[in-house]
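Quick note on numbering: the sequence shown equals residues 1 to 174 in UniProt numbering.
As structure tokens, the structure follows; a few thoughts come after it.
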Amino acid sequence: MNRKWFLIETAGLFAADQLLKTYAEQNLDKKEERKLAGSVVLRRVHNKGMCLGILSEKQTVVRYLSLAAAGIVTVCQAVASFGRKGFWKKQGLALMSAGAWSNTFDRFARGCVVDYVGFKVKDPKIAEITYNLGDFFIAAGAVILSLCSVFSPSNKKKEKIQRTEDIEEQMQER
């Protein structure tokens, strides 16, 4: 798949999350909950910290940690995009990049991350947690990259496969 499609995907996912954040900001009152489907609810929460509000009193630190993380993921995505193989790795990095930049954009533009998806579950601590699409993108990308790492052939196997392909190529030339 052409590398530009992963960039378009990243931009599209970023835009989708930003649109939903804007919708939540404009249409949901604080403390209001709207049932979406099953146990999924829409609500508007401003998170000034990192995950679960960690470091919320140090917003400048959080902004620059977020910027650094988004930058690192983007560099990894750029490097991966030049390879011919690795569809799933590129997919995971595109998801992570979209989520990282969406949340980083919020931190700089809004002063906080807008979260809008919650779950009605029995455990009150878990029911309190609110997410946004960017969070799901980051999590899904991390799962995909982890699976790529677990199921990719080791370097020794790759070298053996390459040597075998080289030998086959030499034999065909004769």
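Note that CB positions come from ideal geometry on N, CA and C, so glycine has one too.
Ranked by how close their Cα comes to the Cα of K120, the residues A24, F6, G38, L13 have G38 in first place. Comparing alpha carbon positions, the residue from H46, M171, L93, F108 closest to A139 is L93. In this structure, G118 keeps its C-beta atom at 8 Å or more from the C-beta atom of R44. Distance check between K125 and each of L52, A24, T74 places L52 closest, using alpha-carbon atoms only. The beta carbon of N103 lies closer than 7 Å to those of S66, V113, G134 in the same chain, with the five residues before and after it left out. If you look at R43, you'll find it in the beta strand (DSSP E) that goes 40-47.
In terms of Cα proximity to A78, the closest of L55, E165, L7 is L7. Counting only runs of at least 4 residues, the region 81-125 fully encloses the following alpha helix (DSSP H) elements, listed from N- to C-terminal order: 87-109. Boundaries of the alpha helix (DSSP H) around L133: 133-151. One Cα belongs to A100, the other to K4, and the distance between them is close to 19 Å.
Taking all protein chains in view, the Cβ of S152 is surrounded by fewer than 16 other Cβ atoms within 10 Å, so the residue is classified as exposed. L147 is classed as exposed because its beta carbon has fewer than 16 other beta carbons within 10 Å across all chains shown. Counting only the Cα atoms, W88 lies some 32 Å from V61.
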